[in-house]
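Novice: After the structure tokens below, expect a handful of questions from me.
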Amino acid sequence: MTVRLRDGVEITLSDGTRVVCDADDPGGDVAVVTHAHGDHLPEGEATAVCSPLTAALGTARRDAPLGRVTDDRIDLLPAGHVAGSRVALVTDPDGTRYCYTGDVCLRARDYLDGFDPDTAGDVDVLVTEATYGDPGYAFPPHDEVVADALAWLDETDAPVLLFGYALGRAQTLQRLAARAGRRVLTTDAVLRVNDPITTHLDVAFDADEYDSHDLGPTDALVLPLTSARAGWIDRLRDATGALAAGFSGWAVDDSFRFRGNYDVTFPLSDHADFPALVSMVDALDPDRVYTQHGEAATLATRLTRRGYDATALRDGQSTLGEF
Ligand SMILES: [Zn+2]
Numbered sequence: 657m658t659v660r661l662r663d664g665v666e667i668t669l670s671d672g673t674r675v676v677c678d679a680d681d682p683g684g685d686v687a688v689v690t691h692a693h694g695d696h697l698p699e700g701e702a703t704a705v706c707s708p709l710t711a712a713l714g715t716a717r718r719d720a721p722l723g724r725v726t727d728d729r730i731d732l733l734p735a736g737h738v739a740g741s742r743v744a745l746v747t748d749p750d751g752t753r754y755c756y757t758g759d760v761c762l763r764a765r766d767y768l769d770g771f772d773p774d775t776a777g778d779v780d781v782l783v784t785e786a787t788y789g790d791p792g793y794a795f796p797p798h799d800e801v802v803a804d805a806l807a808w809l810d811e812t813d814a815p816v817l818l819f820g821y822a823l824g825r826a827q828t829l830q831r832l833a834a835r836a837g838r839r840v841l842t843t844d845a846v847l848r849v850n851d852p853i854t855t856h857l858d859v860a861f862d863a864d865e866y867d868s869h870d871l872g873p874t875d876a877l878v879l880p881l882t883s884a885r886a887g888w889i890d891r892l893r894d895a896t897g898a899l900a901a902g903f904s905g906w907a908v909d910d911s912f913r914f915r916g917n918y919d920v921t922f923p924l925s926d927h928a929d930f931p932a933l934v935s936m937v938d939a940l941d942p943d944r945v946y947t948q949h950g951e952a953a954t955l956a957t958r959l960t961r962r963g964y965d966a967t968a969l970r971d972g973q974s975t976l977g978e979f
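In this note's numbering, the protein residues as written are 657 to 979.
And the structure:
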């Protein structure tokens, strides 16, 4: 049996079945898509084991349908990362159980439940994300960050531009701005993501499409993180006096503020921080851990010191299991 990082993570079971998770071009026998962020979705028309909401979001966000199948060997649990996100539990015919997290968050926030490792049962092999897998990444309590952001929205007598990923953070920001009593405006890309979420979950977003009408002092414009340095944003800020706020786990580093040219930043994250990743591994107590993404090497080193058999997955390198 092998676990390897190629295009996505490929788990080869004892009977030769290849389970391919979060790949651009999933070959193999079974594809798994944990959630509808761009770097986890397949390109073009595809069929995968995923949640109904991820299938709907994947279809809405791309020009091709994402179909959904189920597989007796694969169970999905809420991953707590974004709407529709799942952790995949794969059971090998020989009984070995794999847990592939995709992106994961253990904290419950607003309309999302966090991933609860106690619901995963016995896990032999864990493949975990390590985006914030360095001890320097410890986020303040979520409610505290939300209270800080609400206080800032309340005391700011100017239009605000709120930057976050189109799926996940942008929905949180729309709801925050509405709670603060602001009119909420956003882009077509974000509205396209809102629609399937309101259809599948008991949640509403009260936002209008921004079509460059004037921004008033009580307006909040929610924008994708990637547009923070765009020229039209500079012109809009100059013309309206709008203040820009960036929302990301990276905000624990000062460089995030300078890179995005934000007036203010808040460490609001949809990922597990370092202490949460370690507590997740402790709760799952796997015989073997593979780390990927971000601080994969640091997390593997830390887990090894903690007594785990932990390895960072490297692109293209097969890792032979001993199960
Ligand atoms: Zn993600």
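Backbone N, C-alpha and C fix where the C-beta goes; we use that ideal spot for every residue, glycine too. Source: prediction; values computed, not measured.
Using only the heavy atoms of ligand 1, determine whether one of them is closer than 7 Å to the beta carbon of P759.
Specialist: Checking the displayed sequence, the identity of residue 759 turns out to be Asp instead of Pro. At least one heavy atom of ligand 1 is nearer than 7 Å to the Cβ of D759, so yes.
Novice: Please classify W888: is it buried, with 16 or more other beta-carbons within 10 angstroms of its beta-carbon, or exposed?
Specialist: exposed
Novice: Tell me which residue opens and which closes the alpha helix (DSSP H) that G820 is part of.
Specialist: Where G820 is concerned, there is no enclosing alpha helix (DSSP H), although the beta strand (DSSP E) it sits in stretches over 816 to 820.
Novice: Using 8 Å as the threshold, is the C-beta distance between L709 and G758 below it?
Specialist: No, the Cβ-Cβ distance between L709 and G758 is not below 8 Å.
Novice: Could I get the ranges of all uninterrupted alpha helix (DSSP H) runs contained in the stretch 866 to 925, with 4 residues as the minimum, in chain order?
Specialist: 887 to 896, 910 to 916
Novice: Tell me, to the nearest whole angstrom, how far the beta carbon of E951 is from that of Y788; I am working on the premise that it is less than 8 Å.
Specialist: 7 Å
Novice: Please state whether the Cβ-Cβ distance between V781 and P942 is less than 8 Å.
Specialist: yes
Novice: Short of 7 Å in beta carbon distance, which residues of its chain neighbour D971, apart from the five on each side in sequence? Order them along the chain.
Specialist: Around D971: L661.
Novice: Verify the contact flag: H693, CB atom, against every heavy atom of ligand 1, threshold strictly below 7 Å.
Specialist: yes
Novice: DSSP three-state label for A704, please.
Specialist: strand
Novice: Quick check on DSSP: helix, strand or coil for R662?
Specialist: strand
Novice: Considering only heavy atoms of ligand 1, does any lie closer than 7 Å to the CB of H737?
Specialist: yes
Novice: Can you look up L669 in the DSSP assignment and give me helix, strand or coil?
Specialist: coil
Novice: Please check the pair P698 and A716, which I expect to be a contact at CB under 8 Å, by giving their CB distance rounded to whole angstroms.
Specialist: That belief does not hold up - the Cβ atoms of P698 and A716 are roughly 15 Å apart, past 8 Å.
Novice: Using C-beta distances below 6 Å, list every residue in its chain close to D910, excluding the 5 sequence neighbours before and after it, in chain order.
Specialist: none
Novice: Under 7 Å: does the beta carbon of H696 sit that close to some heavy atom of ligand 1?
Specialist: yes
Novice: Can you tell me where the beta strand (DSSP E) with D731 in it begins and where it stops?
Specialist: 730 to 734 is the span of the beta strand (DSSP E), which, as asked, contains D731.
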